[in-house]
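Asks: Dumping the structure here so I can ask a few things about it.
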Amino acid sequence: MKLKINEAITCIEDEDLYKVQHDLKNGALVLQKMIDDRIKTIENQKRQFCAVCGNDLKGKESTFTLMFGPDDFRRKGSFCEIDCLEYFVNTHIKQIKQ
Ligand SMILES: [Zn+2]
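Heads up: the sequence shown runs through residues 872 to 969, numbered per our numbering.
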């Protein structure tokens, strides 16, 4: 189940909510580490389908993955073949750059 941040806050146990409040008042180092770890896990997950042609990637041993975008809004695309990666770069990434 995916929650929006305001929904997640309402679901936090009272004790943990006080811990989060304390952490925020002290520089949010614990919260920052938790979010960094979660983002690292998300970024390491293998995508299920090619972003260009939609081929199933679960059974493929070799795929291509591209991380792009600014540091605060990283995006990720996985591709079944180098041709799909090249097509994506030529049609999407070069447009973003212009
Ligand atoms: Zn593909």
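The beta-carbon is built from N, C-alpha and C at its ideal position, and this holds for glycine as well.
Whole angstroms are fine: how far does the CA of Ile964 sit from the CA of Asp942?
Replies: Whole-angstrom Cα-Cα distance: 15 Å.
Asks: May I have the straight-line CA-CA distance separating Phe935 from Met872, to the nearest angstrom?
Replies: Distance between the alpha carbons of Phe935 and Met872: 28 Å.
Asks: Could you tell me if the beta carbon of Glu952 falls within a distance shorter than 8 Å of some heavy atom in ligand 1?
Replies: For ligand 1, at least one heavy atom lies less than 8 Å from the Cβ of Glu952.
Asks: If you run the structure through DSSP and keep just helix, strand and coil, what is Arg918?
Replies: In this structure, Arg918 counts as coil in the three-state DSSP scheme.
Asks: Note the first and the last residue of the continuous alpha helix (DSSP H) segment covering Thr936.
Replies: Unbroken run through Thr936 is the beta strand (DSSP E), 935-939; no alpha helix (DSSP H).
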